[in-house]
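Enquirer:
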Amino acid sequence: MREIDSALGEAPITVLATPPGWGKTTALVNWSHQGSEANTSFCWISLEEADHDPFVFLSSLIGELRPHHPQLQALHDQLQAQLPQQHQHSALRPLIHQLIGQLGPQQHPLIFIFDNFRHIATATPPQIQAICSLLLLLVQHVKQLRIVILSRTVMPFMVNLQIQGYLRILNTDVLAFTPDEIIELGQARYMLHIDTAIAQRMADWSRGWPVALVLALEDWKRSSGRANLENILERVGHTQVVTFLREHVFNTLPAPLQAFLIDIAALNRFSAARCDQLRAQQDSAQLISEIEHHNLFIDIQHDFHTFHPLFGQFLIGMLKRSGEHGEALLRRAAVCYQQWGECAYAFATLLLLQDIERLHELVICIAPDMRREGRQTQLIQWIMQLRAMAPLPVAIILLQIRLAIEIVDWNTAYMFIQQAMVSGNPDLIVEATLYEVLIACLKREARAQSLLQAIDLAALPAHLLGLYYELAGRVALIQHDRAGAIAHLKQAISQHSINSTRREPITLAHLYDLLGLVFAEAGNLADSAYYLDQAQATWNLLRYPHRRIITLNNSAWVAIEKGNMADARRYLELAYELAECHMYVRGRLLVLNTFADLALIEADLVQAHERYRKAAGYAAQQNMPHEHSYAIAGALRCAALLGDQHSIELWQAQLSALPHGQASPHQYTQQIAQAIASPDPHDQLAIAQAIGVDATTARHDKAQLLLLQALAAYQLSGWEAAKNYWAQLERAAPVAHLHPLLAIQCQRARGLLAAAAPSPLASKILGQLTGSPAIAHSQADSPPLPAIPVRAEAASGKQAAPVWRFSALGSCALAHNHQQVPLAPRPLDLLVMMRLLEAGAAGIAALRLWEDVWGDQDYSSDALRQSLSRLRRSTMLPIRLHQGHCQLTLDWNLVDYDVWRLEEPLTYHQIEGLQEKIALYHGSFLSHIHHESRWLNQRRIALHRRVLALREALALIKEKTHPHEAFQIYSQVLEEDGMREVATAGAMRCSAQLGDRKHAISIYQKFCSRLIEELGADPSPWLVQLYQEIAG
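For the sequence shown, position 788 matches number 791 in my numbering, and the numbering has no gaps at all.
#1: So, with DSSP's three-state summary, where would you put Cys749?
#2: Is there contact between the region 686-696 and the region 642-655, where contact requires at least three CB pairs shorter than 8 Å?
#3: Looking at C-alpha atoms only, which residue of Gln677, Ala724 and Gly721 is the closest neighbour of Gln707?
#4: Of the choices Tyr587, Ala269, His297 and Arg238, whose alpha-carbon is the least far from that of Thr255?
#5: Are the CB atoms of Ile921 and Ile960 nearer to each other than 8 Å?
#6: Excluding five sequence neighbours on each side, which residues of the same chain lie with their C-beta closer than 8 Å to the C-beta of Asn119?
#7: Count the other C-beta atoms from every protein chain shown that fall within 10 angstroms of the C-beta of Asn556, then say buried if there are 16 or more, exposed otherwise.
#8: For Leu148, report the span of its alpha helix (DSSP H) as first-last.
#9: Shortest alpha-carbon distance to Asn234 belongs to which of Met205, Trp212, Pro213 and His251?
#10: Leaving aside the five residues before and after Leu1014 along the sequence, list all residues of the same chain whose C-beta is less than 8 Å from its C-beta, in chain order.
#11: DSSP three-state call for Tyr728: helix, strand or coil?
#12: With a cut-off of 8 Å, does the C-beta of Thr352 fall near any C-beta of chain B?
#13: Rounding to the nearest angstrom, what Cα-Cα distance links Glu330 and Asp279 in this structure?
#14: Does the separation of the CB atoms of Ala423 and Ile410 fall below 8 Å?
#15: Hey, Ser994 and Phe970: beta-carbon distance below 8 Å or not?
#16: Would you decide whether Arg949 is buried or exposed? Buried here means 16 or more other CB atoms lie within 10 Å of its CB.
#17: On the DSSP bridge list, what partners appear for His888?
#18: Quick one: give me the first and last residue of the alpha helix (DSSP H) that Ala529 is part of.
#19: Compute the Euclidean distance between the alpha carbons of Glu295 and Phe307, then round it to the nearest angstrom.
#20: Using 10 angstroms around the beta-carbon of Trp654, count the other beta-carbons present and answer buried if the total reaches 16, otherwise exposed.
#21: Cα-Cα, which of Leu645, Leu644, Leu745 and Ala634 is closest to Ala657?
#22: On the CB-based measure, 16 or more other CB atoms within 10 Å of its CB, does Pro259 come out buried or exposed?
#23: Keeping to the same chain, check which residues put their C-beta closer than 8 Å to that of Gln674; ignore five residues upstream and five downstream.
#24: Apply the 10 Å Cβ neighbour rule to Asp516 and answer buried if 16 or more other Cβ atoms are within range, or exposed otherwise.
#25: Buried or exposed, going by whether 16 or more other CB atoms sit within 10 Å of the CB of Pro789?
#26: Using CA atoms only, rank isn't needed, just tell me which of Leu138, Ile747, Ala760 and Pro394 is closest to Gln771.
#27: Going by DSSP in three states, Arg808 sits in which element: helix, strand or coil?
#28: Is DSSP giving Arg983 helix, strand or coil here?
#29: On the premise that Gly476 lies in contact with Ala488, defined as a C-beta separation below 8 Å, what is that separation, rounded to the nearest angstrom?
#30: Compute the Euclidean distance between the alpha carbons of Ala10 and His947, then round it to the nearest angstrom.
#31: By the 10 Å Cβ neighbour count, where 16 or more other Cβ atoms means buried, how is Thr181 classified, buried or exposed?
#32: If you draw a straight line from the C-alpha of Tyr621 to the C-alpha of Val217, how long is it?
#33: Compute the Euclidean distance between the alpha carbons of Gln823 and Cys815, then round it to the nearest angstrom.
#34: In the DSSP assignment, what are the bridge partners of Ser49?
#35: Among Ile359, Glu583, Ala571 and Ile131, which has the Cα closest to the Cα of Pro394?
#36: Under 6 Å Cβ to Cβ from Ile408, same chain only, skipping five residues before and after it: list those, please.
Below is the structure:
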């Protein structure tokens, strides 16, 4: 009723367009009673089939008005006398004007309510146009008049009136009950106290359909609110709702439409093409139009129709009761689903039929695709359902074991191995035994060797030899025999190549992966990179994005060990893009942790800490304990190196809170973090010695552990105790890219470096400490900005004059050949354009583009195409969308973008260069666009930080010669971001230089207060040291 009042306040005509059972009539009756009390006159016109004739329609209207307006009697008699005659519709207009003349002096509000308006849909287009004109003339000339139409469908003329502003449509989206309204209804009408969770469940079950809700609430009321809600919904859904749908909806339909609805009940969503394929007919489009005409509880999503769940459940019941015809349709639907790639619906359909044999065939058939898509858990659940129905065939038992191993579900794997062992099938027992060895190897159990030795190699069938040699290689790895492992794994690859009839590319990919890791452990990084590239190419060929992500992550680690950070970052960026595109949570966490490791190794501790923190929070949210523990250990290590005591205590508490029931695969990293974080050199030395280092230890871990032992020994007993550890560190020969990290570790113990001064390594680390402001500040500046998209260099090596100029710092602008280009008015389209621009020549995946612009909304390829089409028309930009990838196909040598110029590294640090860049910033990124987009917010923050960092750099140059100007710049930076330590330190130095030490101390104290209040953190040690120097 509130919606009706609101609609009539906005437009003179309101249409309630819903299927049966949405309470249109009931709501209007109650609403009219309320209106009568407010001196509103109501005229209720129940239309019949004959009323589709405009003259009959007008006669029915005047007939209902006569009791309240006796002066209309003469007009009614005149019209009745003319009804038997045939008239041109133009003859209707004088009659309408007479009616308007009689109603014109109306003083009180007058409401016409037209019920059963669906009968008008049978009229001819001229008749509908005449009725539309009639209604429009009435509301245009009778100012107190409002019209309410009750209909099942929205007719074209209604849409036209809506566009003109004369009509508002209230459909199921508007009239559906929300959880809050369900709570209100339960309290007001049934005296039931419904909590939010129950209201939400009822809303989900009914989709807000009033009749279903009323039936459920009445049933619940009869039980005094004590019955189980799910039992009530189940009972009502299969009894009272079915009765209502049968009597008030289904039985009112013509027989051909009833038969069509039963036939397509097997489809969860349908289109004309799908219905034709299922029914082997060609008339589905016409019948779907009939469904739309009757508004039979349908919704349209992405070119498909779907039924309301309760109506779909009703139709399935009708289909199952149709005997052999229903079974044949369900079998055909299962085949169609499989062809359409919707295997979950194929499985559910066969489950309805209890067709065990077909279900087994389906699971075996779709298993490769589901494994490739990372849907092993769903496949395992299906197999468990089948296991409860009938004994499983050998192929599915072995499949279940492999699936459980792939997702590290040892309990399920052992359960099915045990089932295989008691099967009495020799071939099944042998293969299950091999899988038991595989699990023992993956868990690095000593019994793996004895299990493998118990297998008779000579008796193995040829197709299992490859698996046997793979296991032999894994057992050799457990025994630290890398040469033997490499030989066995190469033999396994040869066996799979020889046995071409049973060769599985997925197995080869696994072996390439394993060999790459073994070569990495052996220190042969070249061969490691080769085999990992082979694995990555095979996973890509097989379209296994989840496994490819893991391999790319491993390749990144090999690149890091080789000191090739650019390649490592390239591997990780591709892996993260794949994880985001395919929504692979574990892969995203894996790569996020490795990104943090990369920042740690590059001595960017602030960014590393932030990435570990994000990974820890995300892992905890997704309930992934291994990734969680790894991220916590990384964050603790960063906090310790930064000297951030508050964060150290926080992460140590989280590390202690981790479950200790089973050994963590990341216990090694946890121990390293605890050793670095410990303030006691005795503990540091004991923990580091207990960890030990070997050939498998990552270079940065080995260097940090050896340096930690040297530092701890030096603190305890001086150089004599430390020199052996230092010698080991020298022999380990830390590569150059690790020197900044080691320098940070040494910044509080320079005495060790002085004692080891003749050492070349000590000199290099000492040089890092004395020559790098970044090290002195412990990398406290803001995180680096995203990489600038690659733009090709012109052949001459010179940049050509730009043809396209994009501006985004402030408002958005685009110029082509020095002429301004009118931009699309929709903010979303502008965001799409700027996101494509920032993707550069490489472009961006359509799904990633959607997530960055539209956020959490469900992906719609149609909406994306429409946005790109509008951009092409308005800007003439060459935009390409092909196979799920979008890009601007520009000559990137001819593109100028103010954001790129702002982000480009400074080639010189003179005042003029800094001022040029700062002048580019006319306001926040796309400041005129107000849209919730994570990407937009991140870019705004990053670019603002970039400008603040440039201002700080400018102030730093001015400090010595113009301290007053420098102080003004620092103060402006702090006004925009009061949490910046660099600006705080600069303002303190300038105040002290200007002779105002008291003000410098005040700046520090205010900063510390804000830091504690807003972040609960302490200032960095270098800022504390500056304060102590100024305070004296």
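Beta carbons are placed, not taken as given, at the ideal position from N, Cα and C, and that holds for glycine.
Expert: Short version:
#1: helix
#2: no
#3: Gln677
#4: His297
#5: no
#6: Ser49, Leu50, Glu51 and Leu153
#7: buried
#8: Taken as a continuous stretch (DSSP letters only), Leu148 belongs to no alpha helix (DSSP H), being part of the beta strand (DSSP E) at Leu148 to Ser154.
#9: Met205
#10: Met982, Ala1020, Asp1021 and Pro1022
#11: helix
#12: Annotation note: the requested chain B is absent from the structure, which comprises a single protein chain.
#13: 18 Å
#14: no
#15: yes
#16: buried
#17: Ala848 and His885
#18: Leu528 to Leu545
#19: 12 Å
#20: buried
#21: Note on identity: in this sequence residue 657 is Gln, with Ala being the wrong assignment. Closest by alpha carbon: Ala634.
#22: exposed
#23: Ile690, Ala693 and Ile694
#24: buried
#25: With a pLDDT of 33 at Pro789, under the threshold of 50, the predicted position of this residue should be treated as unreliable, and no value is reported.
#26: Ile747
#27: strand
#28: coil
#29: 5 Å
#30: 44 Å
#31: exposed
#32: 41 Å
#33: 11 Å
#34: Asp118
#35: Ile359
#36: Ala416
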